[in-house]
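Residue numbers (full-length UniProt numbering): 1 to 288.
Think of the CB as a built atom: it goes at the ideal place given N, C-alpha and C, for glycine as much as any other residue.
Right, one structure below, let's go through it.
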Amino acid sequence: MRRPRPRLCTEVLRREVVVVCCGYCCLTSLCSFILLVLIDKVALKILDKTRLDFQAQRLLSREISSMESLQHPNVVRLYEVVETPSRLYLVLEYAGGGDLHNRIFSDLDFKPNIRFALQHSINIIHRDLKAENVLFTSSGCVKVADFGFSTRVSNRSDALDTFCGSPPYAAPELFRDECYLGPPVDVWAMGVLLFFMVTGTMPFRAETMGKLRRCIIEGAYTIPPWVPGPCQRLIKGILKPVPAELRPKHPNTPPPLRLLPALPCADPHLQEAADGAAWLRRHLQARQ
1 MRRPRPRLCT EVLRREVVVV CCGYCCLTSL CSFILLVLID KVALKILDKT RLDFQAQRLL
61 SREISSMESL QHPNVVRLYE VVETPSRLYL VLEYAGGGDL HNRIFSDLDF KPNIRFALQH
121 SINIIHRDLK AENVLFTSSG CVKVADFGFS TRVSNRSDAL DTFCGSPPYA APELFRDECY
181 LGPPVDVWAM GVLLFFMVTG TMPFRAETMG KLRRCIIEGA YTIPPWVPGP CQRLIKGILK
241 PVPAELRPKH PNTPPPLRLL PALPCADPHL QEAADGAAWL RRHLQARQ
């Protein structure tokens, strides 16, 4: 087993492990050993190498590479990768506050003031942004997780051709079976997330994949009338069924990450939605 790098010894080797094995809790002899010496919580993702085909190995390699490149308070941190002949262990930052999807439906007192980090300034495309991949620590800090479909491009204008992520969050160009630009796909998913956060429903819903595809390509969705005007304009500015290059883009903000609230648009009122915690709080309180 590869020994932890020296710089991680004082940081990782005093943490209590919360084990996550492909979505299920489990315990191994390695975990038992770690539990004896760790204090704070980390998450341990365990992968059986014998069950990973070439595609899965490639995605895992991208996930590790992306997370090693990202050091940001709103991105789940990868502390260490430990490899044995049969298994791979990813030691991850533990987010014990649940995910955005469950919080919206289960916690009526939940009053988020969220800024989502996008990794485009270092040319990393997430490609699977959704409510289930937005996690919270026990103190309420937002953490973007699951970089299994992420990819790194040499230039943000590089074309991609792989359909990734959850279909309800997919941009129209993904359903057209054509090459696409990475950053607009992530921005589209953020628009879907914003709609879901405000209304508790998805903008694009259908009984079959074919109907869902048609709804997304046509931009067929309805925003409830009680959603504040600035927020409606922001959602409409993002979820436009137009070529990706005509959708809003991020300005030149400092590295390492860009933030969705900085998203510009011709309508000056959209800036109000950048600090949307106020109207979101009022709406959530009204639902109680």
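Just grab the DSSP bridge partners of F136 for me.
One-based indexing of the sequence shown puts residue 136 at position 136. Paired residue(s): V142.
Assign P255 to one of three DSSP states: helix, strand, or coil.
To locate residue 255, count along the sequence shown from 1; it is residue 255. The predicted position of P255 is uncertain, since its pLDDT is 32 and thus under 50; a value taken from the coordinates is nonetheless stated next. In this structure, P255 counts as coil in the three-state DSSP scheme.
Just the Cα atoms here: how many angstroms apart are Y169 and W226?
For the purposes of this step, residue 169 is identified with residue 169 of the sequence shown, where counting begins at 1. For the purposes of this step, residue 226 is identified with residue 226 of the sequence shown, where counting begins at 1. Y169 and W226 have their C-alpha atoms roughly 23 Å apart.
Same chain, Cβ closer than 6 Å to L135, five either side skipped, listed in chain order:
In the sequence shown, residue 135 corresponds to position 135, counting from 1. Listed in chain order, the non-local C-beta contacts of L135 below 6 Å within the same chain comprise A95, D99, K143, A145, local neighbours out to five positions each way being set aside.
Beta carbon of L92 nearer than 7 Å to that of L70
Taking the sequence shown and counting its residues from 1, the one referred to as residue 92 is at position 92. Taking the sequence shown and counting its residues from 1, the one referred to as residue 70 is at position 70. Cβ atoms of L92 and L70: not closer than 7 Å.
Would the stretch 199–207 and the stretch 154–163 be scored as touching if the rule is three or more Cβ pairs under 8 Å?
Fewer than three beta-carbon pairs drawn from the stretch 199–207 and the stretch 154–163 are found closer than 8 Å, and the two stretches are therefore not classed as touching.
Does the distance from the CB of F147 to the CB of S66 come in under 7 Å?
To locate residue 147, count along the sequence shown from 1; it is residue 147. To locate residue 66, count along the sequence shown from 1; it is residue 66. It is a contact, given that the beta carbons lie within the stated cut-off.
On the premise that L129 lies in contact with M190, defined as a C-beta separation below 8 Å, what is that separation, rounded to the nearest angstrom?
In the sequence shown, counting from the first residue as 1, residue 190 sits at position 190. In the sequence shown, counting from the first residue as 1, residue 129 sits at position 129. Taking a contact as a CB-CB distance under 8 Å, the pair M190 and L129 counts as one, their CB atoms being some 6 Å apart.
Assign A131 to one of three DSSP states: helix, strand, or coil.
Reading the sequence shown from its first residue, position 131 is the one you call residue 131. Helix, per DSSP.
Going by beta carbon distance, what residues of the same chain come within less than 6 Å of C215, once the five residues before and after it are set aside?
For the purposes of this step, residue 215 is taken as residue 215 along the sequence shown, with counting starting at 1. F204, A206, listed in sequence order.
Could you give the residue range of the alpha helix (DSSP H) that holds V75?
Residue numbering aside, residue 75 sits at position 75 when the sequence shown is read from its first letter. Following the DSSP letters along the chain, one finds V75 in no alpha helix (DSSP H), marked with neither H nor E.
Same chain, Cβ closer than 7 Å to S150, neighbours up to 5 away in sequence not counted:
Here residue 150 is taken as the residue at index 150 of the sequence shown, counted from 1. Excluding five sequence positions before and after S150, the CB atoms of its chain that fall closer than 7 Å to its own CB belong to R62, E63, S66, I124, I125, H126, R127, given in chain order.
Going by other Cβ atoms of all chains shown within 10 Å of its Cβ, with 16 needed for buried, is N133 buried or exposed?
Within the sequence shown, residue 133 is the residue found at index 133, counting from 1. Sixteen is the threshold: when 16 or more other Cβ atoms of the shown chains lie within 10 Å of the Cβ of N133, as they do, the residue is buried.
Might you give, ordered along the chain, the residues of its own chain that have their beta carbon closer than 6 Å to the beta carbon of P73, omitting 5 neighbours on each side?
As a working mapping, residue 73 is identified with position 73 in the sequence shown. Answer for P73: no residue qualifies.
Using the DSSP secondary-structure output, state which residues sit across from A159 in a beta bridge.
On the sequence shown, residue 159 is found 159 positions in, with the first residue counted as 1. L181.
Just verifying my parser: in three-state terms, what is the DSSP assignment at D99?
In the sequence shown, residue 99 corresponds to position 99, counting from 1. In the three-state reduction of the DSSP assignment, D99 falls in the strand class.
Using three-state DSSP, classify V198 as helix, strand or coil.
Translated into the one-based positions of the sequence shown, residue 198 becomes position 198. Collapsing the DSSP output to three states places V198 in a helix.
With a threshold of 7 Å between beta-carbons, can C231 be considered close to chain C, or not?
Absent here is chain C; the protein component of the structure consists of one chain.
Bounding residues of the alpha helix (DSSP H) (the contiguous stretch that carries F175):
Counting from one through the sequence shown, the residue named residue 175 turns up at place 175. From DSSP, the alpha helix (DSSP H) with F175 extends over 172–175.
Let me confirm a value: A171 is counted as buried when at least 16 other C-beta atoms fall within 10 Å, else exposed. Which label applies?
Here residue 171 corresponds to residue number 171 of the sequence shown, with the count starting at 1. With 16 or more other Cβ atoms inside 10 Å of its own Cβ, A171 counts as buried.
V219 versus S106: straight-line alpha-carbon distance, rounded
For the purposes of this step, residue 219 is taken as the residue at position 219 of the sequence shown. For the purposes of this step, residue 106 is taken as the residue at position 106 of the sequence shown. Residue identity check: residue 219 is Gly in the sequence provided, not Val. Taking the straight line from one Cα to the other gives about 29 Å.
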